Amino acid sequence: MTATTPKTIPEYLDQLRQALAGADPALLQDALYDAEEYLRSELAAQPGVDEATLLASIATSYGAPDEVADIYRQTESTVVQALRPPPKREHRSLPGKFFGVLADPRAYTSLFYMLLSLATGTLYFTWAVTGISLSLGLAILIIGIPVAILFFASVRGISLVEGRLVEAMLGERMPRRPLYTDRDQSMMARIKTLFTDPRTWSSMIYMVMMQPLGVAYFTFATVAISLSAGVAAIPVIDLFNHHGTISIGDWYFRLPLWTLPLTIAAGVVMFVLTLHIARGIGRVHALLAKHLLVQSAA
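Take the sequence shown: its position 269, counting from 1, is numbered 269 in UniProt numbering, and each next residue is one higher.
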């Protein structure tokens with residue numbers, strides 16, 4: 001049990017934050033949001049009960065902060081174990097390690113994320129630039145204030161959606177709940193927090209960065225897939241064309257018959273390399289998203 005029984009909901013959440021020190025920031029964000037939602041709903045359901053008395057009784061039902069922290073750690077471990085794919089067969093040989101990526105689902109989901117990033121990156125960039133432009137352009141008018149507030153709030157919502165995509169496709173644990181806000185603060189204080197929170201600004205930076213990153217990811221993925229498929233498909237193309245004839249502009253040349261199996265092998269190797277690179281890019285991008293979109297646990 002926690003040494004000091006919290007008297008208010010913010011004190012309870014502070015103790016929960018301390019009890020989860022060192023945990024994944026995404027897990028901490030989810031735990032704080034869930035705890036606040038539960039405590040607020042209990043307080044609203046019992047309007048005649050003092051907040052300190054209610055928290056004392058909740059310690060025996062919902063749990064004290066350190067008990068709740070232990071439950072979240074155990075649940076997170078259980079969920080991770082349940083969602084973890086079956087252990088892959090360890091390949092000791094170099095060819096086995098190289099071609100083993102063909103059986104790794106994360107390589108394919110990372111490649112799909114790279115293809116999808118052109119659309120999401122364009123959407124994020126357009127929304128960020130438009131929102132910033134409107135907020136600055138209307139700043140001299142009264143309407144500029146609510147426009148800016150709505151835009152900054154939407155940035156948090158978009159970061160949550162992007163986090164779900166990153167977790168589903170790239171495998172990095174991301175928040176599943178919105179960012180915790182102290183509801184005991186006044187509306188002005190909460191709006192000020194929205195504007196001064198570094199994570200809001202880093203989320204906007206991420207949205208702007210996704211445009212060039214999305215173009216680069218999509219270009220690499222489409223070019224790599226096209227090249228590997230084109231090289232591997234040369235024998236198939238040969239069925240509908242002159243034997244082994246390849247044309248580049250006005251330049252024609254023929255491949256000997258014995259080289260056709262080699263072109264298939266070359267195309268497969270190129271595709272395997274594409275999967276390796278896509279998986280590596282996915283891991284790096286997941287770390288970037290975690291750093292820019294998730295509230296620090298500090």
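Positions of the beta carbon are idealized from the N, C-alpha and C atoms, including for glycine.
Nothing here was measured: the structure is a model prediction, and the numbers come from that model.
Taking just the CA atoms, how far does leucine 170 sit from arginine 283?
Taking the sequence shown and counting its residues from 1, one reaches residue 283 at position 283. Taking the sequence shown and counting its residues from 1, one reaches residue 170 at position 170. Their backbone Cα atoms lie some 7 Å apart in a straight line.
Report the three-state DSSP secondary structure of glutamate 172 (helix, strand or coil).
Counted from its first residue, the sequence shown places residue 172 at position 172. Note: glutamate 172 maps to coil in three-state DSSP.
CB contact flag (residue 376, glycine 214, <7 Å)
Absent from the structure is residue 376, since the part of the chain shown begins at 1 and ends at 298.
Taking the alpha carbon of alanine 56 as the point to measure from, which residue in Gly48, Thr5, Leu27 has its own alpha carbon closest?
Within the sequence shown, numbered from 1, the residue matching residue 56 stands at position 56. When only C-alpha atoms are compared, the closest one is Thr5.
Give every residue of the same chain whose Cβ lies closer than 7 Å to the Cβ of serine 110, excluding the five residues on either side of it in the sequence, and list them in chain order.
Locating residue 110 in the sequence shown gives position 110, where the first residue counts as 1. If we look at serine 110 and ignore the five residues flanking it on each side, its Cβ neighbours are Met169, Leu170, Ala278, Arg279, Ile281, Gly282.
Taking the runs of the alpha helix (DSSP H) that are 4 residues or longer, which of them lie wholly in the segment 39-110?
51-58, 65-83, 94-99
For lysine 290, count neighbouring Cβ atoms within 10 angstroms of its own Cβ and tell me buried if that reaches 16, exposed if not.
As a working note, residue 290 is residue 290 in the sequence shown. Result: buried.
For threonine 193 and leucine 16, what's the separation of their Cα atoms in angstroms?
Stepping through the sequence shown from its first residue, residue 193 is reached at position 193. Stepping through the sequence shown from its first residue, residue 16 is reached at position 16. Near 21 Å, if we compare the C-alpha coordinates of leucine 16 and threonine 193.
I believe methionine 286 touches proline 175 by the beta-carbon criterion, under 8 Å. Please report the beta-carbon distance rounded to the nearest angstrom.
Translated into the one-based positions of the sequence shown, residue 286 becomes position 286. Translated into the one-based positions of the sequence shown, residue 175 becomes position 175. According to the sequence as given, residue 286 is alanine; it is not methionine. With a Cβ gap of about 14 Å, alanine 286 and proline 175 do not count as contacting.
When we look at the beta-carbon of methionine 207 and count the other beta-carbons within 10 Å, is it buried (16 or more) or exposed?
Locating residue 207 in the sequence shown gives position 207, where the first residue counts as 1. So methionine 207 ends up on the buried side.
State the DSSP-derived secondary structure class of proline 25, mapped to helix, strand or coil.
In the sequence shown, residue 25 corresponds to position 25, counting from 1. Correct three-state label for proline 25: helix.
Distance check for serine 135 and glutamate 36, CA to CA, integer angstroms please.
Looking up residue 36 in the sequence shown gives position 36. Looking up residue 135 in the sequence shown gives position 135. Rounded to the nearest angstrom, the two C-alpha atoms are 31 Å apart.
Would you mind working out which of Ser61, Tyr12, Ser228, Leu293 sits nearest alanine 265, comparing C-alpha positions?
Here residue 265 is taken as the residue at index 265 of the sequence shown, counted from 1. Checked all of Ser61, Tyr12, Ser228, Leu293; the closest Cα to alanine 265 is Ser228.
Report yes if the CB atom of glutamine 211 is closer than 7 Å to the CB atom of phenylalanine 125, and no otherwise.
By 1-based counting over the sequence shown, the position of residue 211 is 211. By 1-based counting over the sequence shown, the position of residue 125 is 125. Yes, the pair counts as a contact, with Cβ atoms nearer than the cut-off.
Candidates Leu123, Tyr38, Ala148, Ile142, of which the one nearest serine 133 by Cα:
Translated into the one-based positions of the sequence shown, residue 133 becomes position 133. Answer by Cα proximity: Ala148.
Runs of beta strand (DSSP E) lying entirely within the segment 179-228, each at least 3 residues, in chain order
none
Let's see if you can read the secondary structure: which residues bound the alpha helix (DSSP H) around alanine 233?
Numbered from 1 along the sequence shown, position 233 holds the residue referred to as residue 233. Unbroken run through alanine 233: none, as it is neither H nor E.
Report, in whole angstroms, the separation of the C-beta atoms of leucine 138 and glycine 144, which I expect to be a contact under 8 Å.
Position 138 of the sequence shown, counted from the start, is the residue given in the question as residue 138. Position 144 of the sequence shown, counted from the start, is the residue given in the question as residue 144. The pair is a contact, with the Cβ atoms about 3 Å apart (cut-off 8 Å).
Closest to isoleucine 158 by C-alpha separation, out of Leu292, Tyr38, Glu172, would be which residue?
For the purposes of this step, residue 158 is taken as residue 158 along the sequence shown, with counting starting at 1. Of Leu292, Tyr38, Glu172, the residue nearest in Cα terms is Leu292.
Straight-line CA distance for valine 166 to valine 80?
Stepping through the sequence shown from its first residue, residue 166 is reached at position 166. Stepping through the sequence shown from its first residue, residue 80 is reached at position 80. C-alpha separation (whole angstroms): 16 Å.
To which residues of the same chain is aspartate 30 closer than 7 Å at the C-beta, ignoring the five residues directly before and after it?
Within the sequence shown, residue 30 is the residue found at index 30, counting from 1. Here the set comprises Pro175, Arg176, Arg177.
Start-to-end residues for the alpha helix (DSSP H) that takes in lysine 7:
As a working mapping, residue 7 is identified with position 7 in the sequence shown. Counting along the chain, lysine 7 falls outside any alpha helix (DSSP H), and DSSP gives it neither H nor E.
How many angstroms separate the CA atom of alanine 23 from the CA atom of leucine 260?
Here residue 23 corresponds to residue number 23 of the sequence shown, with the count starting at 1. Here residue 260 corresponds to residue number 260 of the sequence shown, with the count starting at 1. Distance between the alpha carbons of alanine 23 and leucine 260 is about 54 Å.
Taking the alpha helix (DSSP H) that residue 311 falls in, what are its first and last residues?
No information on residue 311 is available, as it lies outside the stretch 1 to 298 that the chain covers here.
Neighbourhood of phenylalanine 271 by C-beta distance below 7 Å, restricted to the same chain and skipping five residues each side:
Along the sequence shown, one-based indexing puts residue 271 at 271. Only Ser228 meet the Cβ criterion.
Is it buried or exposed, serine 203, if we count other Cβ atoms within 10 angstroms and call 16 or more buried?
As a first step, residue 203 is located in the sequence shown; it is residue number 203 there, counting from the start. Answer is buried; the Cβ neighbour count reaches 16.
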